[in-house]
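Novice: Take this structure first; my questions come after.
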Amino acid sequence: MSLIRVNINNREIAATDDKTILQIALENGIDIPNLCYSQKTKPYGSCGLCVVEVEGNPKLVRACSTFPYDGMIIKTNTKRTIAARKTALELLSSDHRGDCRPPCVNACPAHTDCQGYVGLIANGQYDEAIKLVKRLYLCLQALVEFVLIPVKANVGVVKWINLLP
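Everything in the sequence shown is counted per the numbering used here, starting at 20 for the first residue and increasing by one.
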């Protein structure tokens, strides 16, 4: 990890070379639109909304997955980046029906709606949460780890009996 200096929108910034352009920008109050970026995952740049111009590079780069070098000059809001972001957003929404499924549901062997469960619990809708879980949870281990403990904490032991199919 080396200390470098980058220029973002005519602003000199000292940073370390182990952070992406997006991370450096966000840490310094520079907003770059993004959709797929998460601090909890490795950068992969799938949405294309965070494109920026880098002086000397004929192509736009994705700020979430590009690591800077010392002396890099970056422009975040040019006509070209704005047009590219608009196109990326149009492509993302072109075949979108509003039926999003979080990755954890798609990869879950029980096809569980954890977000729905947690949302119902947060709203105090304990009976609805239990019905949702009874309909979706197939694995008793998952039931114990993810459902029984939070439900016990929120509504008491009485509901444990009603959870089992």
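The C-beta atom is built at its ideal place from N, Cα and C for all residues, glycine as well. Keep in mind that this is a model prediction, so the values were computed, not measured.
Alpha carbon to alpha carbon, what distance is there between Gly143 and Asn53?
Specialist: So the two alpha carbons sit approximately 33 Å from each other.
Novice: Please state whether DSSP places Asp45 in a helix, a strand or coil.
Specialist: Per the sequence shown, the amino acid found at residue 45 is Leu instead of Asp. Helix, per DSSP.
Novice: When you compare each of Pro77, Leu110, Val137, Arg81 to Leu41 by their alpha carbons, which one comes out closest?
Specialist: Nearest C-alpha to Leu41: Arg81.
Novice: Exposed or buried, Ile101, counting other C-beta atoms within 10 Å across all chains shown (16 or more means buried)?
Specialist: So Ile101 ends up on the exposed side.
Novice: Please classify Gly175: does DSSP put it in a helix, a strand, or coil?
Specialist: Unreliable placement is indicated for Gly175, whose pLDDT of 44 sits below 50; no coordinate value is reported for it.
Novice: Any idea if Leu162 is buried or exposed, counting beta-carbon neighbours within 10 angstroms, 16 or more meaning buried?
Specialist: In this predicted model, Leu162 has a pLDDT of only 45, less than 50, meaning its place in the structure is not dependable; the value taken from the coordinates is given anyway. With 16 or more other Cβ atoms within 10 Å, it is buried.
Novice: For Glu31, collect the residues of the same chain with a Cβ closer than 7 Å to its Cβ; drop the 5 residues on either side in sequence, then sort them by chain order.
Specialist: For Glu31, where only same-chain residues beyond five positions count, the Cβ hits under 7 Å are Arg24.
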